[in-house]
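**Q**
This is how it looks when you write it as structure tokens:
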């Protein structure tokens, strides 16, 4: 491994291509932590946006008119306003209204940090799209298939668990994949409120080392690699869930 | 249809009233102007910034559509090498985060370019518009490819049987059929782009977001945070929601999905 | 009142059913004895399918009574799931679960609804696949099977619940002429084994061959009924005569 790092030092010295994250232990650590933060933020947002999508789609089927209206307003709001402004709104406006508490050193610190607010804001943003995606998936399940399950004596819960949900998931998978990829890309916005994710640490490194060109390129390829890996994973899932003879 | 559009706008009303009315005069500290008065004071400045957001969205869309159309046509080129590389470029710009592409153009393009003796200055705003045009290009390219490939192959064959050249077939027969298909996703992309324009505040362009933050810094009053950011959200909503509603209507009319 | 096998297994009396303003059943009565094969024929829109769906409570009647094995189907206290375990139904559009293989389709209801042991269920499912002449197709997905094959899987799926009564709702109407026969042969085998079968069908030749009793419906009423030899050769009502002159 050491020889690889040394090769990057040599690349810097002889060709002026300064990829300090490979030969400098400190930068390497920073970059790695940034990468991990991006992955952690992405996973948090993916999971909670799926939960929001699930609950929202369920609430949209509800008998209560105002529950349906509330979900509708939620979707409209988050789909039609800029994610960056949403993020600022949550972090500065909502976060600013919450009480502060004294930390160990006696300084007043906010109740929740920037990571928390980035996770909340981006999950709601992604979740708003997921609700519509799930709803469309549920609507695509043929009524006749549900009737067949009814006539076999399945209970309502069993029909949902064994028939309606598995089919709805398959129908919404394509759109869900796109939205999930989009959400991972959008985590880079957390930079704006100081979450030490990939973009943030890269900006730190290039302002310390003055290697903007190299860092930007590395950053771009890191994201494209991350998204590429995700697209590949989603394709595997799509293949695993595919129903031979139907569609495509 | 107008009914559903009306419903969408009604949905917005509680939001507007919440933002404007809830933290009204009552919350303002004694000796300071009311919240509504402060909002009104800063509105002209922030609105000027907002117009810059809209200008940036229109210019980025125009640039991105122009480049993207070429890239999309290159993707369906009979030359495999051209098609493959156009595909790779498209995927790259579609999969890179918008903010990262924005940093890339703003930080790495020089502030002026010398062309044949003359010097063209490149302000940050111009570079930011270019930066937003790149992901638009990738997405438009994909829209074009998708639409062309969705035309049944029988159309190509019957045109060839009538002795049209490939170029004639594409321009006179295939593309006119695709325009309808391309319109809804293209409009959807425009709405997404408009909602991405506040990103250019991060790279130093003085648009609505920058102005809002400057106003908040000048006032330094925490009770203004929710109304100020809320106002900005509402402006974007009022601009983008009708576009989204219209897109949905076209999707249904043309029977395509964005 | 307990039901004994010498009483009608299905007893329909004066059933009325409307969809909105259209009355599709206007006082229909019918008795089916255990082991009997009954065919319901008539022009489309005459309420045949609705009548069938009233028997397993997929459609709710407005007035009258439907009894299966002495139990009132539309009694609100009735265990609807228990009823549907006794009454199997096969649909025009097969309505198989597209995300499960043929064998899994057959096994699902006994496993989840009856809670039987997997080993027993699988052995029975494989036996049923052989019975509907589909041995070797167990691991195919519905989308990979022809219409006739899918319909036979649907029959096996219903039989796996060991129902006392089978309902067939125009099961050959969506099939290619070549595959109609393979499905009819399967149903005839069932009838010969003594299964109580109620069929809505357009296959007059088949009705004549296997039915014990044929009902002719038109505009929501039973116009005429009797053994096939008599109904087909000496129809009494002018409407029956006209219908038969078109289809025979």
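Residue numbers (this note's numbering), protein chains in the order written: chain C, 1 to 248; chain E, 1 to 258; chain S, 1 to 248. Even for Gly, the Cβ is constructed at its ideal location relative to N, Cα and C.
(1) Answer yes or no: does any C-beta atom of chain C fall closer than 9 Å to that of residue 71 (chain S)?
(2) Can you list, in chain order, the residues of its chain whose CB lies under 7 Å from that of residue 219 (chain E), leaving out five sequence neighbours each side?
(3) Tell me residue 108 (chain C)'s beta-bridge partners as DSSP assigns them.
(4) If residue 12 (chain S) and residue 167 (chain S) are in contact, beta carbons under 8 Å, what's the gap, nearest whole angstrom?
(5) Looking only at its own chain, which residues have a Cβ that is under 6 Å from the Cβ of residue 25 (chain E), when we skip the five neighbours before and after it?
(6) Where do the ends of the beta strand (DSSP E) carrying residue 41 (chain S) lie?
(7) Show which residues of chain C have a CB atom less than 8 Å away from the CB atom of residue 143 (chain S).
(8) Tell me whether residue 94 (chain S) sits in a helix, a strand or coil according to DSSP, three-state version.
(9) Applying the 10 Å Cβ sphere with the 16-neighbour rule, what's the burial state of residue 95 (chain E)?
(10) Please look up how many angstroms separate the CB atoms of residue 223 (chain S) and residue 39 (chain S), rounded, as I've assumed it's under 8 Å.
(11) In the DSSP output, what is residue 172 (chain S) paired with across the bridge?
(12) Are residue 249 (chain S) and residue 125 (chain S) close, meaning C-beta to C-beta below 9 Å?
(13) Name the two residues that bound the continuous alpha helix (DSSP H) containing residue 200 (chain C).
(14) Could you give the DSSP three-state label for residue 66 (chain S): helix, strand or coil?
(15) Using a Cβ cut-off of 9 Å (strictly closer), state whether residue 192 (chain C) contacts chain E.
(16) Measure the C-alpha to C-alpha separation of residue 181 (chain S) and residue 140 (chain S) and round it to an integer number of angstroms.
(17) Check the C-beta distance from residue 191 (chain E) over to residue 244 (chain E) and give it rounded, since I have them as a contact under 8 Å.
(18) When the Cβ atoms of the stretch 169-184 of chain E are set against those of the stretch 116-131 of chain E, are three or more pairs found closer than 8 Å?
(19) To the nearest angstrom, how far is it from the Cα of residue 197 (chain C) to the Cα of residue 203 (chain C)?
(20) Which partner residues of residue 119 (chain E) appear in the DSSP bridge assignment?
(21) Where does residue 146 (chain E) sit, in a helix, a strand or coil, going by DSSP?
(22) Compare the C-alpha of residue 135 (chain E) against each of E:234, E:194, E:209 and name the closest.
(23) Determine, using beta carbons only, whether residue 68 (chain S) and residue 15 (chain S) come nearer to each other than 9 Å.
(24) Can you give the beta carbon distance from residue 163 (chain C) to residue 149 (chain C), rounded, assuming they're within the 8 Å contact cut?
(25) Whose CA, out of S:116, S:201, S:3, lies closest to the CA of residue 37 (chain S)?
(26) Within this structure, are the beta carbons of residue 84 (chain C) and residue 95 (chain C) separated by less than 9 Å?
(27) How about residue 137 (chain C): is its C-beta nearer than 9 Å to some C-beta of chain S?
(28) Using the rule of at least 16 other Cβ atoms within 10 Å of the residue's Cβ for burial, across every protein chain shown, is residue 189 (chain S) buried or exposed?
(29) Looking at the C-beta of residue 109 (chain S), does it have a partner C-beta in chain C at a distance below 9 Å?
(30) How many angstroms separate the CA atom of residue 99 (chain E) from the CA atom of residue 138 (chain S)?
(31) Cα separation between residue 177 (chain C) and residue 120 (chain E)?
(32) Compare the C-beta of residue 98 (chain E) with all C-beta atoms of chain C and state if any pair is closer than 9 Å.
(33) Beta carbons nearer than 7 Å to chain S: which residues of the stretch 150-169 of chain C have them?
(34) In this structure, how does DSSP classify residue 68 (chain E) when only helix, strand and coil are distinguished?
(35) In this structure, does DSSP put residue 186 (chain S) in helix, strand or coil?
**A** Let's see:
(1) no
(2) 38
(3) C:102
(4) Contact flag wrong, Cβ pair sits at about 12 Å.
(5) Any reading at residue 25 (chain E) must be qualified, since the residue scores a pLDDT of 46, below 50, and its modelled position is unreliable; the value itself is stated next. 34, listed in sequence order.
(6) 37-41
(7) 243, 244, 245, 246
(8) coil
(9) buried
(10) Contact doesn't hold; Cβ gap of about 14 Å is too wide.
(11) DSSP lists no partner for residue 172 (chain S).
(12) As displayed, chain S neither begins before 1 nor continues past 248, which places residue 249 (chain S) out of reach and without an answer.
(13) 198-209
(14) strand
(15) yes
(16) 22 Å
(17) 6 Å
(18) no
(19) 10 Å
(20) E:114
(21) helix
(22) E:194
(23) no
(24) 5 Å
(25) S:201
(26) no
(27) no
(28) exposed
(29) yes
(30) 52 Å
(31) 43 Å
(32) yes
(33) 150, 151, 152, 153, 154, 155, 158, 162, 163, 166, 167
(34) helix
(35) helix
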